[in-house]
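Colleague: Keeping their order, the protein sequence lines are chains Z and F.
Per the working numbering, the first sequence starts with residue 1, numbered consecutively.
Per the working numbering, the second sequence starts with residue 406, numbered consecutively.
If you scroll down you'll find the structure; I have some questions about it.
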Amino acid sequence: MRIASNVYQLQWLSSIQRQQAELAAIQDQVSSGKRISTAADDPAGAAQGLLLQQGLDRLENFGLNADTARRRLSLEEDSLSQTTDALNRIRELAIQAANGTQTNESRGAIAAEARELLTGLINTANSQDGEGRYLFAGNLVQTRPFVQEAGGVSYEGDAGVRFQRVADARTVQEGDPGSAVFMQVPSGNGAYTVNPDTGNTGTASWTSATVANGTPFAPGNYTLEFTVIPATPTTPEVTTWAARSGAVPVASGTYTPGQTITFQGASIEFQGAPATGDQFTVATSRFQNVFRTVQDFITTLGTNTSSAAGRSTFQNQINANLQNLDQALLHVSNVRSQVGARLAGIDQQQDNNADVALELKRSLSGIQDLDYATAISKLEQQLTSLEAAQKAYARTQSFSLFDVL
Amino acid sequence: MSGTISNGLSALMAAQRALQTTSNNIANANTAGYVRQRIDFVEQPGTPLGRITIGAGVAVADVSRVYDQFLTDNLRSSTSMEQRYAAFGTFATRLDTILGNPETGVSAAVQRFFDQVEAVGRDPTSIAQRQQLLLEGDSLASRLQQLDSQLNGLGNEIDGRLEKAADTINQLAGQIADVNAQVMSSGNNPAPSLLDKRDELLKALGSQIDVTTVRQADGSVNVLVGSGQSLVLGSRAARMATVPDTYDGSRLQLAIDNGGGNLQNISTKVNGGVVGGLLAFRSDVLDGARRDIGQLAVGLADAFNTQHRQGMDLQGNLGGDFFTTTRPLTSNALTNTSNAVLAADIADASALEGHDYELRFNGAAWSVLDRQTGAAVTAAGAGTLASPLVFAGLSVAVSSGTPNAGDRFLVQPLSNAITDFGVALGSPVEIAAAAPLVSRAGDTNASQATVSAPVMTDVNDPILQSVIGNTPPVTVTIRFDSPTTYSVFTPTDIVGPFPYTSGADISYGGLTVQVSGAPQTGDRFYVDGGAAGSGDNSNLLALSQVAQRGFFAGGTQSVSDLGADIVATVGSTANRASNEIKVQQALREQAEIDLQNISGVNLDEEASNMLRYQQAYLAASKVISVADGLFQNLLQIVGR
């Protein structure tokens, strides 16, 4: 086969150029440590890397969101802990005050401490986060939520709750509105309340009110009325009770002090002797705010217990106060346990996110980063073949017929 | 005796010519386009002497080019393809640098914007964070505009290169016509160098544009371009020029003078050479990349705006558009005979396909053609304002004038998408971070029944509108007339009673809410418009997901997917181009080697020829010398 002389050079040149281009590409990779510098190097890998990088960015955002939620929830947890402490102290005071040895004066001293505690409670409920936003104002974070007025404490916030996204499909509530924490505490035992009529003249008072075993309380408004049937020569004095819903009778029976009266799922134990026409209202529990409960207790402390009727009024009221305080404590502790669960959820999610981030980084590195061992050996190989090409050219070009002429 | 001398002389002359040819081959061994020449000898017919004929020496029959037409044409066409992919690849690589870098591309800018959406979500009432979100929106817009202007710059550069290519083509065509004229005038014996020159010129022309050559009997070569338009006809060359695009005057197309002085656009018919590469890059890649970015901008703006309008701003008003949106560009063909103008709107951004459409009016009806696929598109409607043409997420109508039959219009839905993209909000308080409705249970309720967060179902409902942002605001009240029935009312309207089911939807006045639990007679639940200054972030939580939600292609492709697709597309274009360049380069090199192996000079061969002809020359000299000696001897004998 005939070969033109300049074909040697043509072929050699193009081969050298190809090898040098490949050498430059490997050199570029080795110096940057990246397998992909623009999408052309690996289009599918670049697009996938982009989505992985976006995933990592989003995880970073979730981390910041989680930190924010954790900070606010921890502050809320602190406030709730202070609230629990204050309510526990008030409950101790209530038990102390319920003791029959207390006098009107000693109860006055208890009332003074209770008033201080109430002020503290309101301050706690008006806590702010580090950025000056109120923790318990719902979404009206710039409005002081609890304001003491003549009629009691009013709530100026709203019922809004805020969430932070901590994972693609998971948001965490980063607080509770003051309405849910302090305002919407079920009154009574949580199912119903028992309230003596103000016109009662007997000494009857209730000592415990529970929900009967196995029967839920049937929501409604009931009136429990006592009637004393005086003794006749043939019969002893008998006290009867009748419960009705509006005008409709629902249950009735006889009463002896210390007896538990059960109707419509309510089980109420009474002490003392009612007078005819004495009434107790048994009504579905409603919401009563914590401050009102404490205020009621302070009001109860002012009851004059010089008379027997006064004593039974005090007893009825302090019983109701204690029940409401228990409800408040239970309610706050429920909220606290929810906050705790959310904090634990955040920690758990952040652990998950860290695992995912690690996995994403590993994949990203697999796509983008250079395998140095392979790259260096390819570099060596390329250099060797370049050298070989140069030597071969030098050898072939040194032979010409003209040299021997 | 004289026969011997004349034979010797003829051999001497032949060897001399042969040595000249060889030396010319050696001299031009490195001349581009040189075709080696070969000397052909022929024996001279002898004079018959009775029964025998003695030969009469040698003569040079021809000095011919060692030439292969097929290989020459092959080299020209492979050079043409190589140049096409080189030009295409240069631009594809530059596009890849602009859009394909993960750190500076579109997706990074979009991601930064959404990072700030999350930051506002963490502290929704912070004016500083909100301000920063507006700034991030601005910088997203300016990043997109920057990218778009870089792409536009590539387009302008292509125009400039087309103009330059047209000049070069005209020059080369002129020179080829000149050579043709010389060849034709030299009869059947054109100088080899003339033919070499013409082949070189044709190759140079081929690297600008793909050409077809037709050899004529008179030795001239006719050159055709496009779909058979003659560029060179014998000794006459036609003129090529750039002309403005039919729809877009700022873009240039390549045209050829068809003889009558009319310039005919042949852009779509050109395939090879620099011009073919430039045109292919512009129509197949650059326009597509610009439309893709446009589609991303339109989709992002539409999806973000839709969600933003579901929220409430810091002043208690319903959210407006966060981003400004674009209107499709409509242009008239230069050939239109009427002054009718079309107006187009985006009816459904998620249905946009990223294509351009040509609309033709036949005097009675419209037809729509997809410019990218070339397929006809079915469009509903009559094309009037009352009944616009609806297709591919667009709604198009004649807004003024009356079209004539044969009028054509171009609709480019995404042409202005980037230029028009920007932040529409003027103030940080207008960012609609909050849910627009709030609910609460009455303070004096006799139960613990709860009410859910309300949801807007019809933003245009007058009752809903009076609840939000009205002064004084209207409250929607749900009142339980009994534990099992409820009524819903505002100060001016009441509906009910309805039977109550715990947790069931209660829909009224464009909003929906649920009450759960065991409400008692007289219990009330209220729905109000969110208050100004609300720190709610529920709408931001939804906004932060917008880029991830399926939007395009029937909800299967999200904005962020499209961003990744853009990178993959420009990357694979550049990748394919660089592979194609390697292939074409190898093909061209092989064609060159094949041709060189036939037509190129081999110096060893020439060296051996030189020796051969040198010996022949010496031998011929010897023949003359011998004949001379014989002659001298004879003279001596006769002279004695």
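Don't be surprised by glycine CBs; every beta carbon is placed ideally from N, CA and C.
In this text, all values refer to a predicted model and were calculated from it rather than measured experimentally.
1) Tell me the start and end of each unbroken beta strand (DSSP E) in the segment 164-241 of chain Z that is at least 3 residues and wholly inside, in chain order.
2) How would you call arginine 107 of chain Z, buried or exposed, if buried means at least 16 neighbouring beta carbons within 10 angstroms?
3) Grab the span of the alpha helix (DSSP H) containing proline 43 of chain Z for me, first residue to last.
4) Are the C-beta of asparagine 319 of chain Z and some C-beta of chain F separated by less than 8 Å?
5) Looking only at its chain, what residues have a beta carbon closer than 8 Å to the beta carbon of glycine 49 of chain Z, apart from the 5 residues adjacent to it on each side?
6) Relative to the C-alpha of phenylalanine 146 of chain Z, which residue among Z:Leu52, Z:Asn289, Z:Ser312 is closest?
7) Between which residues of its own chain and glycine 63 of chain Z is the CB-CB distance below 8 Å, once the five residues before and five after are set aside?
8) Checking 8 Å against the spacing of the C-beta atoms, do isoleucine 3 of chain Z and asparagine 1002 of chain F come in under that value?
9) Which residue from F:Val675, F:Ala749, F:Ala642, F:Val440 puts its Cα closest to that of glutamine 658 of chain F?
10) Measuring only between beta-carbons, confirm whether asparagine 575 of chain F sits less than 8 Å from chain Z.
11) Indicate whether at least one CB of chain F lies closer than 8 Å to the CB of valine 141 of chain Z.
12) Hey, does phenylalanine 146 of chain Z have any beta-carbon neighbour from chain F nearer than 8 Å?
13) Does any residue of chain Z have a CB that is nearer than 8 Å to the CB of aspartate 528 of chain F?
14) Taking only three categories from DSSP, how would you classify arginine 732 of chain F?
15) Over the uninterrupted alpha helix (DSSP H) stretch that includes isoleucine 110 of chain Z, give me the two end residues.
16) Between valine 181 of chain Z and chain F, is any beta-carbon pair separated by less than 8 Å?
17) For a test of the three-state rule: what should DSSP assign to leucine 819 of chain F, helix, strand or coil?
18) Could you give the first and the last residue of the continuous beta strand (DSSP E) run that contains isoleucine 268 of chain Z?
19) Would you list, in chain order, the members of the segment 826-859 of chain F that have their beta-carbon closer than 9 Å to a beta-carbon of chain Z?
20) Listed in chain order, which residues of the segment 1006-1028 of chain F have Cβ atoms closer than 7 Å to some Cβ of chain Z?
21) If you run the structure through DSSP and keep just helix, strand and coil, what is valine 294 of chain Z?
22) Taking contact to mean 3 or more Cβ pairs, one atom from each stretch, closer than 8 Å, check whether the segment 190-202 of chain Z and the segment 169-179 of chain Z are in contact.
23) Is it a yes or a no for the segment 739-749 of chain F touching the segment 853-873 of chain F, going by three-plus beta-carbon pairs under 8 Å?
24) Assuming alanine 461 of chain F and proline 450 of chain F form a contact by the criterion Cβ under 8 Å, report the distance between their Cβ atoms to the nearest whole angstrom.
25) Inspect the CB distances between the segment 81-93 of chain Z and the segment 372-379 of chain Z and report whether three or more fall short of 8 Å.
26) Taking beta-carbon pairs under 7 Å, can you tell me which members of the segment 481-507 of chain F lie near chain Z?
27) Taking the C-alpha atoms as reference points, what is the distance between serine 1013 of chain F and serine 598 of chain F?
28) In three-state DSSP terms, what is phenylalanine 1036 of chain F?
29) With DSSP run on the structure shown, which of helix, strand or coil describes tyrosine 652 of chain F?
30) Could you compute how far the alpha carbon of serine 252 of chain Z sits from the alpha carbon of glutamine 315 of chain Z?
31) Within 10 angstroms of its Cβ, does glutamate 92 of chain Z collect 16 or more other Cβ (buried), or is it exposed?
32) Taking the DSSP output, what are the residues bridged to asparagine 593 of chain F?
33) Can you tell which of F:Leu500, F:Ser963, F:Arg884, F:Leu869 has its C-alpha closest to the C-alpha of proline 878 of chain F?
34) Is glycine 664 of chain F buried or exposed, if buried means 16 or more other CB atoms sit within 10 Å of its CB?
35) For the alpha helix (DSSP H) that glutamine 368 of chain Z lies in, which residues bound it at each end?
36) Give a yes or no on whether the C-beta atoms belonging to valine 703 of chain F and alanine 754 of chain F are separated by under 8 Å.
Modeller: Put simply:
1) 170-173, 192-196, 205-211, 221-229
2) buried
3) 43-98
4) no
5) Ile36, Leu364, Ile367, Gln368
6) Z:Asn289
7) Gln350, Asn353
8) yes
9) F:Val675
10) no
11) yes
12) no
13) yes
14) coil
15) 104-125
16) no
17) coil
18) 266-271
19) Ala839, Ala840, Val843, Ser844, Arg845, Ala846, Asp848, Thr849, Asn850, Ala851, Ser852, Gln853, Thr855, Val856, Ala858
20) Val1006, Asn1007, Leu1008, Asp1009, Ala1012, Ser1013
21) helix
22) no
23) no
24) 6 Å
25) no
26) Thr498, Asp501, Thr502, Gly505, Asn506, Pro507
27) 24 Å
28) helix
29) coil
30) 24 Å
31) exposed
32) In DSSP, asparagine 593 of chain F forms no bridge with anything.
33) F:Leu869
34) exposed
35) 308-368
36) yes
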